[in-house]
Amino acid sequence: MIYSQEKLHSATSKLVWGPADPALPGVFKIELETEGDLIREARLQTGFLHKGLEKSIEKRNWFTSIIPVDRVDSEASLAAELAFSMAVEEICNIQVPRRAQTIRLILSELDRIGSHLGFLARLSVVAGFETASHYILRERELVLDLMELMTGRRFNFGFFRLGGVAADITEGFIERIHEATRLIEIRLREYHALMIENRAFVDRLAWRGVLSPETIQLKGVTGPCARASGVRWDIRKSDPYSAYEQFSFRVPIGTGARGTIGDGFDRVIVRLEEIRESLIILSHAVDAVPPGDFLAFRTVPDFTVPAGEAYARVESPRGLLACHVVSDGGFHPTRVQWRTPSLANIEIVPELLRGVTLQDVPVILGSLDLSLAEVDR
Amino acid sequence: MRNPFSELEARFGEAVQVRNFGRSNRYVIEATLTRWVEVAAWLRMEESQRIDFLEALTVTELKGRFILSAFIRSHVQGGEVVLRTSLPVPGATERAEIPSLVGVWPHAEAFETELAPLFGIQFTGSRGVGGVRKFFGTYDGFPLRKNFDWLEESGL
Chain A
1125 MIYSQEKLHS
1135 ATSKLVWGPA
1145 DPALPGVFKI
1155 ELETEGDLIR
1165 EARLQTGFLH
1175 KGLEKSIEKR
1185 NWFTSIIPVD
1195 RVDSEASLAA
1205 ELAFSMAVEE
1215 ICNIQVPRRA
1225 QTIRLILSEL
1235 DRIGSHLGFL
1245 ARLSVVAGFE
1255 TASHYILRER
1265 ELVLDLMELM
1275 TGRRFNFGFF
1285 RLGGVAADIT
1295 EGFIERIHEA
1305 TRLIEIRLRE
1315 YHALMIENRA
1325 FVDRLAWRGV
1335 LSPETIQLKG
1345 VTGPCARASG
1355 VRWDIRKSDP
1365 YSAYEQFSFR
1375 VPIGTGARGT
1385 IGDGFDRVIV
1395 RLEEIRESLI
1405 ILSHAVDAVP
1415 PGDFLAFRTV
1425 PDFTVPAGEA
1435 YARVESPRGL
1445 LACHVVSDGG
1455 FHPTRVQWRT
1465 PSLANIEIVP
1475 ELLRGVTLQD
1485 VPVILGSLDL
1495 SLAEVDR
Chain B
85 MRNPFSELEA
95 RFGEAVQVRN
105 FGRSNRYVIE
115 ATLTRWVEVA
125 AWLRMEESQR
135 IDFLEALTVT
145 ELKGRFILSA
155 FIRSHVQGGE
165 VVLRTSLPVP
175 GATERAEIPS
185 LVGVWPHAEA
195 FETELAPLFG
205 IQFTGSRGVG
215 GVRKFFGTYD
225 GFPLRKNFDW
235 LEESGL
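Here it is as structure tokens:
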């Protein structure tokens, strides 16, 4: 049977994708109403990964509550650890030693590099460019090795403590950071040649999934996704914490280098630039670790936090991550609630997918670097 | 030191109270439930405030009350503040009704759609324009309330 062009285009259908599908950036369900291969409407459903973290923290004492905090986002867990620690330290009025603050900064930047490299590897796969992912994951291994050297773990680090960090800098860590930063800097140039100068890769992302500054504002989008659209807001600059005020770095924004400002390609470029800035921060920070203690005091199992509340926020690899902690003066937190970047960033997906073709869905979703672990806490 | 919310206090009178937030240098504006959306809209529109960004909306159950805190900031003026209201926690299976902030900050929907099923809160007046549904399972009660017996519910 031969259909006319009009008849083909007028055929609407419903497509349900997920919740478990390798083309999706996490466990969620997406319902698409399509006309031909054009998406007319998109609806998302999340909740499949919900872990009840906020409830389970209420059942723990303050001493062990840092353990589930890592699970907010296992890939970039230090941001959640840091925000939680900072909030409790504010309630208790704990002064964190400067050495501990600098160690926290070093690990947070390593975590950012690792997360961004993971993003690039995942995106290169969904963009049909798997070759690049094998190179990128090699450098990510290097970052994970450094994290393991310092914390003893490759993910879910559990390294930050109330009042500092769990251990001092491991012998040989600083030298290996210098080696790694030099090597990753060289590799970034290779990625540039491999991906950014590659027409096939650029065409998959440029002009795709464009986010305007107005949408960013309305939907509360933060982090590299917002900066790619020209919104120069980074908590490390606007409200510095953990010694960030001591180091000079740029906040890269999207320029529409190959398409238009705020497209998928800009989101890649911004993250590549952020890796470069993190390398600069790291190379300066490891040479500027002040002498002194790495921990203000040792928390004991029956540690109590005075009645009060605090709200702390950090710039996680995906954007603004904040933590509201309330204590009634007892052994357990009364309430711990997170504001995670992906919780807000996922809200733009239905709007971004409207009017695009089916083949672009994985690439657009991949360019947002969503973490469903963050959405379903 | 000048109170940056003297205009707000003059306009809303006893419907608002301004105090400090914990040890930080933020202010908390405590508004009555009936006027909290009105206060939010004033903070959003007033030229001296221009609070255009909702960072987070949190709910705490403390001493038999739900305390809602909106952590808000102005990208234009640079200021930040916490807008707060509270109401008694209703019966175990009843939902609390709270006016939605979606009309003031559309981004509130991300938080409201999450908090509603977990705390048993009906956010009234929400346009519900977003396309992200959150489903956390079916429970006998509301999981994030203090009286929710999660061990019994999980069968442990």
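Just so you know, the sequences run in chain order A and B. Residues in the first sequence are numbered consecutively from 1125, following the numbering used here. Residues in the second sequence are numbered consecutively from 85, following the numbering used here. Quick reminder that beta carbons are idealized off the backbone N, C-alpha and C, glycines included.
1. For Gly-106/B, go through chain A and note every residue whose CB falls closer than 7 Å to its CB, in chain order.
2. State the start and end residues of the unbroken beta strand (DSSP E) segment that holds Glu-1471/A.
3. Which residues in the same chain have their Cβ closer than 6 Å to the Cβ of Met-1125/A, if we skip the five residues on either side of it in sequence?
4. Would you say Glu-1498/A reaches chain B, if we count a Cβ-Cβ gap shorter than 9 Å as a contact?
5. Nearest by alpha-carbon distance to Tyr-1173/A: which of Phe-220/B, Phe-232/B, Pro-227/B is it?
6. Report the three-state DSSP secondary structure of His-1408/A (helix, strand or coil).
7. Could you work out which residue in Ser-132/B, Leu-171/B, Glu-130/B, Val-123/B is closest to Leu-146/B when comparing CA atoms only?
8. Under a Cβ-count criterion, where at least 16 other Cβ atoms within 10 Å of its own Cβ denotes burial, should Ala-176/B be classed as buried or exposed?
9. Given a threshold of 16 other Cβ atoms within 10 Å of its Cβ, counted over all protein chains shown, does Leu-1396/A qualify as buried or as exposed?
10. Once the 5 residues before and after Thr-1136/A are set aside, which same chain residues still bring their CB inside 6 Å of it?
11. Between which two residues does the beta strand (DSSP E) containing Glu-1214/A stretch?
12. Give the DSSP bridge partners of Phe-220/B, in chain order.
13. Would you kindly report the start and end of the unbroken alpha helix (DSSP H) that includes Thr-1275/A?
14. Determine the direct distance from the alpha carbon of His-159/B to that of Ser-132/B, and round the result to whole angstroms.
15. Comparing alpha-carbon positions, which option in Pro-1486/A, Leu-1177/A, Ile-1260/A lies nearest Pro-1146/A?
16. Against Ala-194/B, what residues of chain A qualify as contacts under a CB-to-CB distance less than 7 Å, listed in chain order?
17. Along the region 109-121 of chain B, what residues have a CB closer than 8 Å to any CB found in chain A?
18. Beta-carbon within less than 6 Å of Asn-1280/A's beta-carbon, same chain only, minus the 5 sequence neighbours each way: which residues are those?
19. Starting from Trp-1357/A and walking both ways along the beta strand (DSSP E), at which residues does that stretch end?
20. Starting from the C-beta of Ala-1211/A, find all residues in its chain whose C-beta is less than 6 Å away, skip the five residues before and the five after it, and write them out in chain order.
21. Looking at Asp-1387/A: is its Cβ nearer than 9 Å to the Cβ of Gly-1333/A?
22. Which same chain residues end up closer than 7 Å to Val-1289/A when comparing Cβ atoms and leaving out the 5 residues on each side of it in sequence?
23. Round the Cβ separation of Val-166/B and Arg-110/B to the nearest angstrom and send it over; I've been treating them as touching at under 8 Å.
24. On the three-state DSSP scale, how would you describe Leu-185/B?
25. Could you give the distance in angstroms between the alpha-carbon of Val-1473/A and the alpha-carbon of Arg-1167/A?
26. Excluding the five sequence neighbours on either side, which residues of its own chain have a C-beta within less than 6 Å of the C-beta of Leu-1244/A, listed in chain order?
27. Under 9 Å, Cβ to Cβ, is there at least one residue of chain B near His-1448/A?
28. Met-1179/A versus chain B: which residues are under 9 Å apart at the beta carbon?
29. Which ranges would you report for the beta strand (DSSP E) in the region 1423-1467 of chain A if only whole runs of at least 3 residues count?
30. Reducing DSSP to helix, strand and coil, say where Trp-1186/A ends up.
31. Closest to Ser-1407/A by CA distance: which of Gln-1461/A, Thr-1305/A, Arg-1164/A is it?
32. Under the three-state reduction of DSSP, which class applies to Gly-225/B: helix, strand or coil?
33. Do the region 1260-1275 of chain A and the region 1476-1494 of chain A make contact, defined as three or more Cβ pairs closer than 8 Å?
34. If you compare alpha carbons, which of Pro-1441/A, Glu-1157/A, His-1456/A, Cys-1349/A is closest to Glu-1105/A?
35. Taking the alpha-carbon positions, what's the Leu-141/B to Ala-1468/A distance?
36. Measuring alpha carbon to alpha carbon, tell me which residue in Val-1220/A, Ile-1230/A, Glu-1263/A is nearest Leu-1241/A.
So, from the data block:
1. Glu-1214, Ile-1215, Gly-1432, Glu-1433, Ala-1434
2. Premise fails: Glu-1471/A is in no beta strand (DSSP E) and is neither H nor E.
3. Note that Met-1125/A scores a pLDDT of 42, beneath 50, so its modelled location is shaky and nothing firm can be said.
4. no
5. It is worth fixing the name first, because residue 1173/A is Leu in this sequence and not Tyr. When only C-alpha atoms are compared, the closest one is Phe-220/B.
6. helix
7. Sorting Ser-132/B, Leu-171/B, Glu-130/B, Val-123/B by C-alpha distance to the C-alpha of Leu-146/B places Leu-171/B at the top.
8. exposed
9. Counting Cβ neighbours within 10 Å, Leu-1396/A comes out buried, since at least 16 surround it.
10. Glu-1159
11. That residue, Glu-1214/A, is in no beta strand (DSSP E); its alpha helix (DSSP H) goes 1201-1216.
12. Phe-220/B pairs with nothing; no bridge assigned.
13. 1254-1275
14. When only Cα atoms are considered, Ser-132/B and His-159/B end up about 12 Å apart.
15. Pro-1486/A
16. Gly-1344, Leu-1467, Ala-1468, Glu-1471
17. Arg-110
18. Asp-1194, Ser-1198, Ser-1201
19. Looking at the DSSP string, Trp-1357/A is not in any beta strand (DSSP E), and its letter there is neither H nor E.
20. Ala-1434, Ala-1436, Cys-1447, Val-1449
21. yes
22. Ala-1224, Ile-1227, Arg-1228, Phe-1283, Phe-1418, Leu-1419
23. Contact flag correct, Cβ pair sits at about 6 Å.
24. coil
25. 8 Å
26. Ile-1260
27. yes
28. The amino acid occupying residue 1179/A in the given sequence is Lys; Met does not appear at that position. Neighbours of Lys-1179/A on chain B, chain order: Leu-202, Pro-227, Leu-228, Phe-232, Trp-234.
29. Every beta strand (DSSP E) stretch that sits fully inside the region 1423-1467 of chain A and reaches 3 residues is listed by chain position as 1432-1440, 1443-1451, 1459-1463.
30. coil
31. Of Gln-1461/A, Thr-1305/A, Arg-1164/A, the residue nearest in Cα terms is Thr-1305/A.
32. coil
33. When C-beta atoms of the region 1260-1275 of chain A are compared with those of the region 1476-1494 of chain A, fewer than three pairs fall below 8 Å, so the two segments do not count as touching.
34. No answer is possible for residue 1105/A: the residues shown for chain A start at 1125 and end at 1501.
35. 12 Å
36. Glu-1263/A
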